[in-house]
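**Student:** Per the UniProt record's numbering, the sequence shown starts with residue 1, numbered consecutively. Got a structure for you, written out below as structure tokens; questions coming shortly.
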Amino acid sequence: MSILNNNPAAVDASAPELLLDQHVKYIQALDTKKNDLEYWLTEHLRVNGLYWGATALQILGHPEALDQDQIVEYLVKCQHDNGGFGGHIDHDPHILSTLSAVQVLITYDRLDAINVDKVVDYIISLQNEDGSFSGDSWGEVDTRFVFCAVMCLNLLKRLDDKRLDIPKTIEYIVRCRNFDGGFGSSPGGESHAAQVYVCVGTLTILGALNHVDADQLGWWLSERQLKNGGLNGRPEKLEDVCYSWWVLSSLSMLRRSHWIDSEKLTKFILESQDTETGGIADRPGNMPDVFHTNFGICGLSLLGYPGLVAVDPVYCMPRHVIQRIGLTDKH
Ligand code: FPP
Ligand code: ZN
């Protein structure tokens, strides 16, 4: 069975080409930039960065471009005794880096390298009385962390852990839903497309999408497309390549991805490529980074760009990996 998209989409003839080889080289070079200030300023995001880089390479069809054994060895060093992973060696554990580490280890089929029971204990320890999740022991609460917890437990096949309160988890997400159909980062928080992705993703994994008015939310999401084809995260904001992922994956879970103009969005993402260095920026003309490179490439995969490996809209991981671990494709 092919790991590519089943029905590749047609691409506007005036759109630039995907600079596949340059993006592979751009990602490979990221770890060699130790003389750049930015490298050190983003130290706390090293594990997240590995997830973005490794995922982009998988979707580009070049999983071998990074040394997987070396990455696994590094990730093992980021796990703490309480089971959580830090954003780098000796950094405090956080649910964001814990999810990224688990996603990479599952993609590489190397869960054997870590203590999975402890990861589960760590995640469960972060659930609060009202069903929400904290990001770490300092207690910040955000719908992102609910999604990280639910996704991580599902990837580890531990959603049936009796200590997890699923009804309260769903209840909390529903409390973050707004009059416009969108979701915010906490109850009463403004609707934001990335928060929509994490809330719709949580409800999809928990089989609770019935709490969403798909037509109303689909309308709000499709309103995110601007004249130049790019998508923004909220009304009146600028377009940004990463919203190609947050918006389109949400529409895909709601089965309404045809509600935006995919040819125009494809062109916008391709125009945001850096033709000199490789990599993709948040919008045309800006500096590329690995975050926007990953979400641009994953967005192109969701759009059916020819030759790319199919991405799963819930997990933002290769679809063949999600199928390999037996999580059924319900969307
Ligand atoms: C906005 O970023 C992004 C979010 C709020 C969602 C992030 C989601 C996760 C970390 C969950 C895991 C994700 C995946 C793909 C597995 P921002 O603060 O840059 O937004 P802005 O555009 O408003 O600045
Ligand atoms: Zn962005």
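Glycine residues also receive a C-beta, built at the ideal position from the N, C-alpha and C atoms. Predicted model, so just to flag it, every value in this text is computed and none were measured.
(1) Have a look at H331 and M253 and give me their C-alpha separation to the nearest angstrom.
(2) Check whether the stretch 90-105 and the stretch 136-150 touch, using three or more Cβ-Cβ pairs below 8 angstroms as the test.
(3) In chain order, what residues have a CB nearer than 6 angstroms to some heavy atom of the ligand ZN?
(4) At a threshold of 7 angstroms, does G233 count as lining the ligand FPP (C-beta to nearest heavy atom)?
(5) Assuming S222 and W246 make a contact with CB atoms under 8 angstroms, what is their CB distance in whole Å?
(6) Is the distance from the Cβ of Y197 to the Cβ of S250 below 8 angstroms?
(7) Tell me P93's beta-bridge partners as DSSP assigns them.
(8) Can you give me the C-alpha to C-alpha distance between G178 and L265, rounded to a whole angstrom?
(9) Closest to D130 by C-alpha separation, out of I124, T169, K118 and G87, would be which residue?
(10) Reducing DSSP to helix, strand and coil, say where L4 ends up.
(11) Quick one: is the Cβ of V146 within less than 7 angstroms of any heavy atom of the ligand FPP?
(12) Is it the case that the Cβ atoms of V47 and G87 are separated by a distance below 8 angstroms?
**Tutor:** To lay it out plainly:
(1) Any reading at H331 must be qualified, since the residue scores a pLDDT of 48, below 50, and its modelled position is unreliable; the value itself is stated next. Taking the straight line joining both Cα atoms gives about 5 angstroms.
(2) yes
(3) D240, C242, D282 and H292
(4) Taking the Cβ of G233 as the reference point, at least one heavy atom of the ligand FPP falls within a distance shorter than 7 angstroms.
(5) S222 to W246, Cβ: 13 angstroms. No contact.
(6) yes
(7) G86
(8) Before going on, a small fix: residue 178 reads as Asn here, not Gly. Between the alpha carbons of N178 and L265 lies a gap of roughly 27 angstroms.
(9) T169
(10) strand
(11) no
(12) yes
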